[in-house]
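Reading through the structure tokens given below for one structure.
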Amino acid sequence: MRRAIAAALLSAFLLCTAAGAEYEAREEDAQDTVRAVIDEQIELMTPERFDEYIGEQSSILYGKRDSRSIIRSIVEGEGIGDAHDVLQRLWAAVQDELKSGMRLGAWLTAIALLCAAAGAFLEGGDAVGAASRAVCASAAVTVAGRAFMEAAAQGAASVGQMCGMVRAAVPVMAGLLLSGARAISATSYPVVIMLIAGITNEITVRLFLPLLYGYCALKAADCAFCSGRFQAVCRLLKNAMTWGLGLTFSVFTGLIAINGASLSVADGIGVQTMKFAVSSFVPVVGSAISNASQIVLGCAGLLRAAFGTFAAALCIGMCTLPAVRILCLMLVLRCAAAVSQIIGGELWKLYEGFADAAGLLLAMLAGTAILFIISVSMLCVRSV
Amino acid sequence: MEVLRLVTVAIAGVSLTLLVRQHRPDLALLIAAACALCLCMWSMAALSHVLNASRRIVELSGADREYVLIMLRAIGISYIVRFASDICSDAGQSAIAHHIDTAGRLLILICAMPLFYAAVDILGALASGGA
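Taken in order, these protein sequences are the chains called A and B. Here the first sequence is numbered in numbering that gives the first Met the number 0, starting from 0 and rising by one per residue. Here the second sequence is numbered in numbering that gives the first Met the number 0, starting from 0 and rising by one per residue.
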């Protein structure tokens with residue numbers, strides 16, 4: 000009896016050890032398979048095409064790295080970079096912007112002070128006084144206008160870059176969807192996204208930005224030299240831009256949501272049908288192939304999530320610094336307007352006008368970034 | 000105290016001018032001009048405080064000194080021109096006063112030309128879509 004028990008225990012121990020070894024071997028094999036599939040799919044994505052988007056703006060946040068290594072590190076769970084470093088770099092950039100913003104604010108306040116001095120010593124209707132006030136107003140237009148144009152150029156470049164990134168990312172996402180057996184999404188989604196992103200980009204760059212610049216020019220001329228003659232036109236332009244931006248972005252978001260929801264159901268049915276067909280109709284090895292397809296689908300889902308994170312991080316990298324700059328400019332202009340109103344004179348209206356324009360520019364930038372992140376997320380959130 | 004001194008000078012100047020005008024109108028004008036000059040000097044001293052504050056702010060901001068100089072010059076010209084124009088008006092020479100005003104405006108325009116060009120450039124660039 001004892002011998003029988005000892006033999007049974009020994010056999011059980013040997014069996015468990017063998018099973019453990021086999022399990023470890025299987026785990027290693029599975030990991031190797033997953034790694035190989037992921038490497039293969041990363042190569043298929045040709046991530047070099049995104050290197051140009053890790054430009055100056057993004058590399059300030061994430062350091063100088065290539066797209067391939069970033070995607071691989073996201074897949075391996077390392078993330079896009081050390082959060083502490085990223086925050087430190089971001090804080091340094093914000094500090095730089097704040098310093099230059101404070102210098103600009105001091106300059107604008109000095110101009111307002113001089114303008115008030117000119118106005119205080121001279122009567123309102125006096126022609127010489129009006130001439131000297133016009134000189135101060137010209138200085139204000141020059142300084143505030145130049146700062147706004149620099150920020151606007153950076154914002155416009157960022158909007159263009161993000162739309163370019165959407166165009167570059169959509170084919171990759173389509174490929175990942177296709178490798179994840181999301182054939183319907185892979186064929187329909189890129190067409191819709193490309194079309195809508197293209198239209199939004201064109202509307203933003205060709206319509207809203209020129210309108211914004213025109214609004215600034217009119218507002219500056221109105222406040223500095225024309226004493227309120229273009230006030231109604233400025234209001235009209237501002238309202239047109241606000242409504243137009245809201246409408247464009249609402250339509251974009253709605254279309255993406257409707258499209259994503261309908262395609263998701265169709266894809267789910269497609270995947271289930273494929274699994275059933277493979278396991279039922281392929282003789283003997285059907286279930287094995289079906290299981291292998293699970294690995295490929297899982298890897299595709301993993302990579303899609305990783306690519307989504309990468310694209311969203313890149314998008315944030317592209318728009319964070321311009322957004323910080325525009326935000327600082329807006330705050331500085333608002334502060335300068337407040338101080339100028341206390342000092343006296345009409346320059347505060349000019350500063351307020353430029354601050355409103357900076358706010359609209361920030362809305363355009365934020366809207367484009369949010370649309371981009373939404374369109375990428377819509378593809379990433381679908382489970383396999 | 001500064002204000003009291005200022006008001007005293009102004010009232011004394013006006014009273015003296017009114018008293019003297021009845022007998023010697025030529026002297027009355029000179030007294031009025033001297034009084035105005037005194038007040039102008041005081042105003043210049045007050046203005047210099049404002050200008051110093053502006054200059055300090057400008058130094059902090061690291062802004063273009065050329066623009067500041069232009070603005071200071073324009074304010075100075077307009078103040079001097081206004082002073083001269085008022086004396087001419089008091090003397091009953093409105094034509095000369097008007098011409099001084101015009102000359103002052105022209106001087107301001109000439110000295111502020113670079114600033115006007117810069118402002119027009121910026122407005123033009125904004126109107127043409129930031130090009």
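Glycine included, each C-beta is placed from N, C-alpha and C at the ideal position.
Rounded to the nearest whole angstrom, the C-alpha separation of A130 of chain A and A90 of chain B is 25 Å. With a cut-off of 8 Å on Cβ pairs, the stretch 1–15 of chain B is not in contact with the stretch 236–253 of chain A, counting fewer than three such pairs. The CB of G213 of chain A comes closer than 8 Å to the CB of L125, A126, G128 in chain B, given here in chain order. If you check each beta-carbon in the stretch 22–46 of chain B against every beta-carbon of chain A, the ones closer than 8 Å belong to S42, L46. Proximity to S66 of chain A across A:E75, A:V74, A:E47, A:G76 peaks at A:E47, based on C-alpha coordinates. Annotation for C334 of chain A: G104 place their beta carbon closer than 8 Å to its own, counting only its chain and skipping 5 residues before and after. Not a single C-beta of chain B is nearer than 9 Å to the C-beta of M240 of chain A. Collapsing the DSSP output to three states places S127 of chain B in coil. The Cβ neighbour count for N200 of chain A, taken over all protein chains shown within 10 Å, is at least 16; the residue is labelled buried.
Using beta-carbon distances, D89 of chain B does not count as an interface residue toward chain A, since no partner is under 9 Å. Chain B has a Cβ within less than 9 Å of the Cβ of T141 of chain A. Using a CB distance cut-off of 9 Å, G159 of chain A does not count as an interface residue toward chain B. Taking CB atoms only, V127 of chain A has a neighbour in chain B less than 9 Å away.
The residue among A:G128, A:A155, A:A136, A:A126 with its C-alpha nearest the C-alpha of L107 of chain A is A:A136. When C-beta distances to chain B are compared with 9 Å, every residue of the stretch 310–337 of chain A stays at or above that value. Taking C-beta atoms under 8 Å as the contact rule, S339 of chain A and L346 of chain A qualify, at a distance of about 5 Å. Within a 10 Å sphere around the beta-carbon of A216 of chain A sit 16 or more other beta-carbons, which makes this residue buried. Relative to the Cα of V74 of chain A, the nearest Cα in the group A:T308, A:L211, A:M164 belongs to A:T308.
As the crow flies, the alpha-carbon of F82 of chain B is around 10 Å from that of I76 of chain B. Contact between the stretch 90–99 of chain A and the stretch 32–43 of chain B is absent: fewer than 3 CB-CB pairs across the two stretches fall below 8 Å. A356 of chain A is positioned such that its CB atom lies no closer than 9 Å to that of F229 of chain A. Apart from sequence neighbours up to five positions away, the residues of its chain that approach A311 of chain A with a beta-carbon distance below 7 Å are I372, V375, ordered along the chain.
I74 of chain B belongs to the set of residues whose beta carbon lies under 9 Å from a beta carbon in chain A.
A distance below 9 Å separates the beta carbons of A151 of chain A and L360 of chain A. For L68 of chain B, there are no neighbours in chain A by C-beta distance under 7 Å, as the nearest C-beta there is about 11 Å away. Not one beta carbon of chain A lies nearer than 9 Å to the beta carbon of R4 of chain B. Listed by position along chain B, the residues whose Cβ is nearer than 9 Å to that of C162 of chain A form an empty set, because the closest Cβ is around 17 Å away.
In this structure, DSSP gives A117 of chain B a helical state, which the three-state scheme calls helix. The stretch 50–69 of chain B makes contact with the stretch 97–114 of chain B: 3 or more CB pairs, one atom from each, lie closer than 8 Å. Just measuring C-alpha positions, the residue of A:G128, A:D95, A:M240, A:I110 sitting nearest L108 of chain B is A:G128. Shown here, A111 of chain B sits in coil according to DSSP, grouped into three states, outside any helix or strand. Inclusion of R132 of chain A and G344 of chain A in the CB contact set at 9 Å is warranted, their separation being smaller than that value. Restricted to the stretch 191–254 of chain A, the alpha helix (DSSP H) segments that are unbroken, complete and at least 4 residues in length are 208–220, listed in chain order.
Identification of chain A residues near I121 of chain B by a Cβ-Cβ cut-off of 8 Å yields V140, T141, G144, R145, M148, A219, ordered along the chain.
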